[in-house]
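Just below is one structure, and these are the notes that go with it.
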Amino acid sequence: MSATDAPSDDRALALFLDMMATERGASANTLAAYRRDLAKLEAFLRQAEETLSAATADRLAAYMTHLNTQEMAPSTAARHLSSQRRFYKFLQAEGLREDNPTARLKRPRTSRPLPKLLSPEETERLIGAAYGLPQDSAAQIRARARAICLIELLYATGLRVSELVGLPRHVANADSRVLIVHGKGGRERMVPLSEPAQRALADWQIHVGAQERFLFAAGGKTGHLTRQRFAQILQQLAIAAGLSPSRISPHVVRHAFATHLVENGADLRAVQQMLGHADISTTQIYTHVLEARKKMLVDEAHPLSRWDKLADGDEPS
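Numbering (the numbering used here), first residue to last: 105 to 421.
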């Protein structure tokens, strides 16, 4: 198919997103990210009088160079390239163009940052702040039960925030010791619940109406608590716990769940399954976290390390 025969950009993008949703089980957030990335590429191509569907390899290479001049993080540039590769691979597979112009594009070098660290003691303080919320009215009792359930479930399971806020009302098995979670790509997994999480779930379910579809039902268009609102709740708990709100997010608590499990000898494969990681290499980041923490402990506590940090003429105490 020649460039002049290429489908319109709107049609090509619609077909691509439909495929990602129906065949790959991409979430709404993932689809929105693809749409944004490809829309930015389309705007760049329009300036060069090229279309998204018929873009040349040279023009796409120029776009990646353009991204690098924007002081964009390598991980973000890599995501843009991934969006392009999926899109043009789809067009080629569907016969909507003959080639894949991204075939020779080089992936930006990325260094995966280590997750932010939250110690077990800090995590306990964060959870304790939920239990310390006021309960002087029916509304406060309900808000406290919801906050406790949210934080206990998150730390007990390591769910992604979208998985947590979107849990159905009947999420637990008969004895409430296991959650059935539908994660990325429609993959189903079972995650065990700690006793505090089981109690928190039971206490919260009293407040959930029988007609509700979601465990954390809300009046918005999604029908459940939004990720943004949950993040706000966590920020409020962080302040009450005496922690910096900038350090606390749903993802940080998910990392705490995984890090503390690995610290205590949990099998990495088991942690992978509970987190819902498709590849064990993603879970291995937590072994690097432990290595970094051990190095930090040595730097702070080892007498030779302390000696090196002393000013000339001083003696270690």
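C-beta: ideal position from N, C-alpha, C; glycine also.
All values reported here derive from a predicted model rather than from experimental measurement.
Below 6 Å CB to CB, which residues in the same chain sit around R115 once its five sequence neighbours on both sides are set aside?
Your numbering for residue 115 matches position 11 in the sequence shown. Within the same chain, no residue comes within 6 Å of R115 by CB-CB distance, once the 5 residues on both sides are set aside.
Assuming I252 is part of the alpha helix (DSSP H), what are its boundary residues?
Residue numbering aside, residue 252 sits at position 148 when the sequence shown is read from its first letter. It spans A242 to T261 - the alpha helix (DSSP H) in which I252 sits, taken as one unbroken run.
Straight-line Cα distance separating E154 from Y192
Counting from 1 along the sequence shown, the entry for residue 192 is found at position 88. Counting from 1 along the sequence shown, the entry for residue 154 is found at position 50. So the alpha carbons of these two residues sit roughly 15 Å apart.
Kindly indicate the opening and closing residues of the beta strand (DSSP E) around V282.
Taking the sequence shown and counting its residues from 1, one reaches residue 282 at position 178. Boundaries of the beta strand (DSSP E) harbouring V282: V282 to H286, taken from the DSSP string.
Would E256 and A321 qualify as a contact pair, given that the criterion is a beta-carbon distance under 8 Å?
For the purposes of this step, residue 256 is taken as residue 152 along the sequence shown, with counting starting at 1. For the purposes of this step, residue 321 is taken as residue 217 along the sequence shown, with counting starting at 1. Cβ atoms of E256 and A321: not closer than 8 Å.
Considering just the uninterrupted stretch of the beta strand (DSSP E) at E292, what are its terminal residues?
Here the question's residue 292 lines up with position 188 in the sequence shown. Bounds of the beta strand (DSSP E) holding E292 are E292 to P296.
What number of angstroms, rounded off, separates the C-alpha of D113 from the C-alpha of H184?
Locating residue 113 in the sequence shown gives position 9, counting from the first residue. Locating residue 184 in the sequence shown gives position 80, counting from the first residue. Cα to Cα, the separation comes out at about 17 Å.
Opposite A321 in the DSSP bridges: which residues?
What you label residue 321 is simply residue 217 of the sequence shown in a count that begins at 1. A321 is bridged to H328.
Closest to I252 by CA distance: which of T227, S266, E267 and R264 is it?
Here residue 252 refers to the residue found at position 148 when the sequence shown is read from its first residue. It is T227.
According to DSSP, which residues form a beta bridge with P272?
The residue labelled residue 272 in the question sits at position 168 within the sequence shown. Residue pairing by DSSP places P272 opposite F318 in a beta bridge.
Less than 8 Å between the CB atoms is what I'm expecting for Y138 and L121, so what's the real figure, rounded?
Locating residue 138 in the sequence shown gives position 34, where the first residue counts as 1. Locating residue 121 in the sequence shown gives position 17, where the first residue counts as 1. Contact flag correct, Cβ pair sits at about 6 Å.
Excluding sequence positions up to five away, which residues of its chain have a Cβ less than 8 Å from the Cβ of T330?
If you number the sequence shown from 1, residue 330 lands on position 226. Closer than 8 Å at the Cβ level, and outside the excluded window around T330, lie V269, A322 and G324.
Check each candidate in L209, A249, A125 and P224 and name the one with the smallest Cα separation from L365.
Counted from its first residue, the sequence shown places residue 365 at position 261. Ranking L209, A249, A125 and P224 by Cα distance to L365 puts P224 first.
If you follow the alpha helix (DSSP H) that P238 is in, where does it begin and where does it stop?
Position 134 of the sequence shown, counting from 1, holds the residue named residue 238. Unbroken run through P238: none, as it is neither H nor E.
Measuring alpha carbon to alpha carbon, tell me which residue in L149, A147, A260 and L135 is nearest S186.
Mapped onto the sequence shown, residue 186 falls at position 82. When each option's Cα is compared against that of S186, the closest is L135.
Tell me whether E292, by its Cβ, gets closer than 7 Å to a heavy atom of the ligand MG.
By its list of ligands, the structure shown contains no ligand whatsoever, and the ligand MG lies outside what it can speak to.
Alpha carbon to alpha carbon, how far is L149 from A158? Give it in angstroms, no decimals.
Position 54 of the sequence shown, counting from 1, holds the residue named residue 158. Position 45 of the sequence shown, counting from 1, holds the residue named residue 149. In this model, A158 and L149 are separated by some 10 Å (Cα to Cα).
Which ranges would you report for the alpha helix (DSSP H) in the stretch 152-222 if only whole runs of at least 4 residues count?
The qualifying runs are 161-173 and 178-197.
Do you know offhand how far I343's Cα is from P349's?
By one-based count along the sequence shown, residue 343 stands at place 239. By one-based count along the sequence shown, residue 349 stands at place 245. Going from the Cα of I343 to the Cα of P349 covers about 6 Å.
With three or more beta-carbon pairs closer than 8 Å as the criterion, would you say the stretch 239-250 touches the stretch 355-374?
The answer is no - the stretch 355-374 does not touch the stretch 239-250, with fewer than three Cβ pairs under 8 Å.
Can you find the residues in the same chain that come closer than 6 Å, C-beta to C-beta, to R140, ignoring five residues on each side of it along the sequence?
What you label residue 140 is simply residue 36 of the sequence shown in a count that begins at 1. Correct list: empty, nothing qualifies.
Measuring only the C-alpha atoms, how far is N368 from M294?
The sequence position of residue 368 within the sequence shown is 264, counting from 1. The sequence position of residue 294 within the sequence shown is 190, counting from 1. If I take the Cα positions, the gap works out to 21 Å.
With H, G and I counted as helix, E and B as strand and the rest as coil, what does DSSP make of G417?
By one-based count along the sequence shown, residue 417 stands at place 313. With a pLDDT of 43 at G417, under the threshold of 50, the modelled position of that residue is not reliable, and no figure is offered here.
State yes or no: is the C-beta of L263 within less than 8 Å of the C-beta of V282?
Along the sequence shown, one-based indexing puts residue 263 at 159. Along the sequence shown, one-based indexing puts residue 282 at 178. No, the pair does not count as a contact, with Cβ atoms beyond the cut-off.
Hey, would you say I352 sits closer than 8 Å to L372, going by beta carbons?
In the sequence shown, residue 352 corresponds to position 248, counting from 1. In the sequence shown, residue 372 corresponds to position 268, counting from 1. Between I352 and L372, the gap from beta carbon to beta carbon reaches 8 Å or more.
Cβ-based burial, T206 [other Cβ within 10 Å; buried from 16]:
In the sequence shown, residue 206 corresponds to position 102, counting from 1. Buried is the call here.
Closest Cα partner of R358 within the set Y259, P178, Q388 and M168
Indexing the sequence shown from 1 puts residue 358 at position 254. Closest option to R358, Cα to Cα, is Y259.
Return the first residue and the last residue of the alpha helix (DSSP H) that I384 is part of.
Locating residue 384 in the sequence shown gives position 280, counting from the first residue. Counting along the chain, the alpha helix (DSSP H) containing I384 begins and ends at I384 to T387.
Taking the CB atoms as reference points, tell me whether G380 and G287 lie closer together than 8 Å.
Numbered from 1 along the sequence shown, position 276 holds the residue referred to as residue 380. Numbered from 1 along the sequence shown, position 183 holds the residue referred to as residue 287. Less than 8 Å divides the Cβ of G380 from the Cβ of G287.
Return the CA-CA distance between E316 and A306, expressed in angstroms with no decimal places.
On the sequence shown, position 212 is the one that residue 316 refers to. On the sequence shown, position 202 is the one that residue 306 refers to. Cα atoms of E316 and A306: separation of roughly 16 Å, rounded to the nearest angstrom.
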